[in-house]
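Residue numbers (UniProt numbering), protein chains in the order written: chain Z, 1 to 435; chain P, 1 to 435.
Backbone N, C-alpha and C fix where the C-beta goes; we use that ideal spot for every residue, glycine too.
Number of protein chains: 2
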Amino acid sequence: MGLSFHSNKESLYLQVYDHYKNLIMEHRLPAGSRMPSLRKCAAELKLSRTTIENAYLQLAADGYIIARAQSGYYVTDIAAQDPVSPVSRHSNLPPVKYDFASNGVDHESFRFDLWQRYLKSSLRQSERLLSYGEPQGEADLRQVLADYIRQRRNVNCSADDIVIGAGMQSLLNILCPLIRDKKTVSFPNASFVQGSTIFADYGFDVRYRNKDCDVIYVSPAHMTKWGEIMPVSRRMELVHHASENGSLIIEDDYENEFVYFQRPTPSLFNLAGGHGVVYIGSFSRLLLPSIRLSFMVLPPSLSRQYAAVAERYSQTASKVEQIALCQFIRDGHLTSQTKKLKKLYAQKLKELKNVVQNIFGENCTIQTGAAGTSLALTVPYTRTGLELKKEARMNGLSILILEESADTITLLLSCSSIATDEFEPACRLLKSNLI
Amino acid sequence: MGLSFHSNKESLYLQVYDHYKNLIMEHRLPAGSRMPSLRKCAAELKLSRTTIENAYLQLAADGYIIARAQSGYYVTDIAAQDPVSPVSRHSNLPPVKYDFASNGVDHESFRFDLWQRYLKSSLRQSERLLSYGEPQGEADLRQVLADYIRQRRNVNCSADDIVIGAGMQSLLNILCPLIRDKKTVSFPNASFVQGSTIFADYGFDVRYRNKDCDVIYVSPAHMTKWGEIMPVSRRMELVHHASENGSLIIEDDYENEFVYFQRPTPSLFNLAGGHGVVYIGSFSRLLLPSIRLSFMVLPPSLSRQYAAVAERYSQTASKVEQIALCQFIRDGHLTSQTKKLKKLYAQKLKELKNVVQNIFGENCTIQTGAAGTSLALTVPYTRTGLELKKEARMNGLSILILEESADTITLLLSCSSIATDEFEPACRLLKSNLI
């Protein structure tokens with residue numbers, strides 16, 4: 001073959017990938033035809049077998065070719081299909097162009113290369129990966145987390161009081177059976193579906209904003225979806241009231257990292273001196289949402305109760321990811337990533353507010369808080385929210401509806417998944433759907 | 001520096017790693033001293049920065065050096081500590097030399113390099129990883145799983161009926177609330193702690209071997225820990241009885257891949273025509289135990305109920321690992337890994353039985369089944385099991401006690417984590433502890 005590949009090593013396999021992808025999409029390698037063997041292809045292109053294999057694996061991952069055991073790779077019928085990405089091939093909807101609804105992580109901010117290196121380093125600890133993980137979570141990660149939250153949130157605890165799990169629900173599935181003597185639980189509002197679902201599953205009576213419940217679930221840096229935070233005075237009040245009533249507080253410290261426009265507020269765990277508060281932290285807004293890793297800090301009495309049953313619950317979080325995260329935090333990357341994201345989101349949110357104000361003008365009301373990555377926008381609208389949502393989606397816009405009345409609608413607009421220079425076209429498109 | 005590194009590319013960073021590890025352990029780089037910067041070290045050794053960085057990351061992962069933000073890497077006090085591996089540094093016990101208790105995966109059998117390539121390929125799908133996963137599990141993995149279990153276990157279902165989760169307990173945490181009208185659950189015996197814990201947490205009345213319960217949990221290829229399997233006649237009987245009584249069967253198909261000495265038996269799900277049976281599968285015995293990935297197949301009525309609440313439960317399994325596994329199965333590696341392990345374990349178990357027979361002679365009773373990776377060994381012993389366990393552990397032996405009477409003890413010996421040529425020394429060491 002008369003091909004020349006640039007010797008930029010990083011992307012050599014991608015050049016091979018592109019070469020074959022084009023041949024396939026242009027029907028020059030028709031569906032069903034067999035790909036050259038790795039050896040033959042490597043010899044022809046004068047590249048290493050590994051490079052070819054990486055290219056083939058990527059082609060297979062993206063649906064261009066398929067492996068048949070003991071036979072080789074074959075071209076799929078992808079070229080005959082419609083030209084959307086292979087992942088969304090099953091749906092009839094156009095791809096999402098602007099995603100206002102996502103609370104994912106900013107596309108530019110996550111260093112995949114860095115995280116990949118930590119995962120690779122973790123995979124090298126083969127002995128450790130050949131056994132099941134510790135039920136409570138890997139000991140070294142728990143130690144690192146204890147240090148981290150002591151420094152950043154004044155949460156003083158030992159690694160023994162920390163339980164790791166694959167997301168907040170996994171932790172509540174361990175906590176709820178421990179507190180089965182309690183009957184009622186209060187949530188800030190109905191939007192905390194994930195938490196309230198688990199409590200309801202265990203037979204708790206779920207209420208809203210009721211400080212006399214046996215369990216009080218709060219998210220002090222995320223009181224509303226548009227980033228209102230709980231002032232210190234109310235934090236103190238809550239801690240005292242709960243202590244007098246013997247209620248347990250569950251402090252979900254979600255997005256505490258993104259409190260921009262005032263000084264960071266102390267954690268309830270710290271204000272309560274570590275008693276009567278379960279502290280929950282997670283990394284979905286700091287790393288990848290697709291990494292399922294959360295942790296809870298149990299107060300002394302619950303920690304003792306947990307220790308007695310710990311062996312009965314298997315760990316849910318991936319051990320590879322736990323090991324990688326441990327080293328990632330040790331090396332200071334979580335701290336720098338948090339700093340970077342905080343700065344970025346503060347700027348983006350401010351800019352989004354400006355753009356919305358300019359485009360929607362006097363007819364709109366904007367609510368913002370001191371934290372988070374979203375603002376709430378209320379505009380006149382007379383049709384149903386469902387209609388708006390469908391129509392917007394057909395136009396490539398993903399939106400989240402907070403509230404609707406007969407003549408207005410309130411949307412939650414997140415700045416995290418849209419690039420700053422796309423705020424304007426995205427808002428204009430949104431406006432055209434609202435008419 | 002007058003060093004020469006072999007140009008075998010794979011291990012270049014490991015050579016750098018070893019070089020520094022030795023300097024540190026020989027106190028030639030004392031605790032607290034700063035490591036040369038990446039740039040400087042790369043220039044001196046005439047190697048790439050990436051190679052040096054990989055070596056440093058590995059040194060840090062193993063506790064030889066530690067990163068300080070914006071400053072560089074520093075040597076830890078590891079050389080002053082006792083010479084056990086950094087991971088087990090906190091414990092006073094000697095390292096485990098022979099692990100009879102583990103149901104991990106055979107050390108030689110898992111291809112880390114291959115799995116690493118799939119994880120890397122998965123990490124390249126950055127757009128996909130920047131959002132939360134589908135609550136039910138990634139659609140393409142569910143499709144691949146549906147195809148896989150149809151081919152291998154005659155379980156006919158659609159991808160819509162499959163729910164993915166981080167381990168069996170995560171799945172039961174979704175299933176139990178769906179079947180809250182049921183009150184009693186039967187398990188084969190008391191060793192199924194992980195399953196029975198979750199049912200008890202939701203208020204179920206847990207019983208053993210009681211076929212008149214509302215829910216019947218069985219593991220047909222793992223009726224006892226030493227691999228007894230449920231014969232087809234009893235499977236048929238169970239399915240009929242459950243159908244007449246309106247009981248729900250939960251079929252945990254654990255280790256069905258390791259049925260050696262007879263033909264593979266049909267799944268209950270298949271025998272029941274897909275009604276009244278929840279099928280649970282997992283990969284901990286086939287891939288890495290540290291990968292938390294299980295799935296359940298819901299029968300039509302439960303699948304509809306689940307669909308109505310699916311959005312309330314967030315996915316627990318890592319998205320990166322889901323994407324990697326999907327492609328790994330598509331490319332036929334799960335099939336070949338299963339085949340390889342089945343052959344290997346059948347040989348190892350047979351050999352372990354021979355060695356045990358030779359060493360323990362007439363004084364012992366050996367129980368084996370038609371499946372699994374373990375045998376049960378009963379020998380005369382008059383002290384307590386706890387004493388034996390402690391003493392064996394001090395001698396570097398990890399064992400699992402199944403039963404004890406006044407003058408005998410029954411141990412479960414797993415062949416999976418010990419190499420075949422170590423069966424003899426391991427059994428001799430065990431015997432010396434039993435005297």
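Neighbourhood of residue i by C-beta, 8 Å cutoff - its chain only, sequence neighbours within 5 removed
{"i": "P/SER303", "result": "ASP160 and ASP161"}
{"i": "Z/THR384", "result": "GLU404"}
{"i": "P/LYS342", "result": "GLU257, PHE258 and TYR260"}
{"i": "P/GLU138", "result": "ILE164, LYS319, GLN322, ILE323 and CYS326"}
{"i": "P/LEU388", "result": "TYR381, ILE399, ILE401, ILE409, ASN433 and LEU434"}
{"i": "Z/LYS431", "result": "ILE359 and PHE360"}
{"i": "Z/ARG330", "result": "VAL144"}
{"i": "Z/SER102", "result": "SER398, SER414, SER416 and SER417"}
Close Cβ partners of residue i (< 7 Å) along its chain, the five nearest in sequence each way excluded
{"i": "Z/THR420", "result": "LYS348 and GLU351"}
{"i": "P/LEU114", "result": "HIS333"}
{"i": "Z/ALA310", "result": "PRO135 and GLN136"}
{"i": "P/LYS154", "result": "Residue identity differs from the one stated: residue 154 of chain P is Asn in this sequence, not Lys. Once the five neighbours on either side are set aside, the close Cβ partners of P/ASN154 are PRO266, SER267 and ASN270."}
{"i": "Z/LEU402", "result": "LYS225, ALA376, THR410, LEU411 and LEU412"}
{"i": "P/LEU59", "result": "TYR17, TYR20, LYS21 and ILE65"}
{"i": "Z/GLY276", "result": "ALA242, SER243, LEU248, ILE249 and PRO299"}
{"i": "residue 436 of chain P", "result": "It is not possible to answer for residue 436 of chain P, since the shown part of chain P is limited to 1 through 435."}
{"i": "P/PHE187", "result": "GLY195, SER196, VAL206, TYR208 and TYR217"}
Within-8 Å CB hit, residue i to chain Z
{"i": "P/LYS343", "result": "no"}
{"i": "P/ARG428", "result": "no"}
{"i": "P/TYR306", "result": "no"}
{"i": "P/ASP331", "result": "yes"}
{"i": "P/LEU334", "result": "no"}
{"i": "P/LEU386", "result": "no"}
{"i": "P/ASN156", "result": "no"}
{"i": "P/GLN15", "result": "no"}
{"i": "P/HIS222", "result": "no"}
{"i": "P/THR316", "result": "yes"}
{"i": "P/ASN173", "result": "yes"}
{"i": "P/ALA294", "result": "Sequence check: residue 294 of chain P is Ser here, not Ala. Answer no: the Cβ-Cβ gap between P/SER294 and chain Z never drops below 8 Å."}
Any non-hydrogen atom of the ligand NAP closer than 7 Å to residue i Cβ
{"i": "Z/PRO188", "result": "Summarising the ligand content, the structure contains no ligands, and the ligand NAP is consequently not present."}
Bridge partner(s) assigned by DSSP for residue i
{"i": "Z/TYR98", "result": "Z/LEU397"}
{"i": "P/ALA392", "result": "None; P/ALA392 has no bridge partner."}
{"i": "P/MET296", "result": "P/VAL163 and P/ILE280"}
{"i": "Z/GLY72", "result": "Z/ARG68"}
{"i": "Z/ASP252", "result": "Z/ILE280"}
{"i": "Z/ARG207", "result": "Z/SER186"}
{"i": "Z/GLU403", "result": "Z/THR410"}
Other residues of its chain near residue i: CB distance less than 6 Å, five sequence neighbours each side excluded
{"i": "P/ASN256", "result": "ALA221"}
{"i": "Z/CYS415", "result": "LYS348, LEU349, LEU352 and THR373"}
{"i": "P/LYS211", "result": "HIS241"}
{"i": "P/MET230", "result": "PRO220 and MET223"}
{"i": "P/GLU228", "result": "GLY369"}
{"i": "P/ASP252", "result": "SER219 and ILE280"}
CB contact check: residue i to chain P, cutoff 8 Å
{"i": "Z/ASP82", "result": "For Z/ASP82, the predicted model reports a pLDDT of 46, less than 50, meaning its position is unreliable; a value from the coordinates is still stated below. Answer no: the Cβ-Cβ gap between Z/ASP82 and chain P never drops below 8 Å."}
{"i": "Z/LYS319", "result": "yes"}
{"i": "Z/LEU130", "result": "yes"}
{"i": "Z/ILE359", "result": "no"}
{"i": "Z/GLN151", "result": "no"}
{"i": "Z/PHE204", "result": "no"}
{"i": "Z/GLY396", "result": "no"}
Within chain C, partners of residue i - CB distance below 7 Å
{"i": "P/ARG117", "result": "Here the protein chains are Z and P, and chain C is not one of them."}
Are the region 130-145 of chain Z and the region 358-373 of chain Z touching, with three or more C-beta to C-beta distances below 8 Å? no
With three or more C-beta pairs closer than 8 Å as the rule, is the region 385-403 of chain P touching the region 67-76 of chain P? no
Taking contact to mean at least 3 C-beta pairs separated by less than 8 Å, is the region 294-309 of chain Z in contact with the region 93-112 of chain Z? no
Given 8 Å, three or more beta-carbon pairs between the region 92-103 of chain P and the region 424-433 of chain P: yes
Below 8 Å, can you find three or more Cβ-Cβ pairs linking the region 319-339 of chain P to the region 172-192 of chain P? no
Is it a yes or a no for the region 237-245 of chain P touching the region 278-286 of chain P, going by three-plus beta-carbon pairs under 8 Å? no
Using a beta-carbon distance cut-off of less than 8 Å, what residues from the region 407-431 of chain P approach chain Z? SER417
Quick one, which residues of the region 276-292 of chain Z are near chain P if we go by CB-CB under 8 Å, in chain order? SER284, LEU288, PRO289, SER290, ILE291 and ARG292
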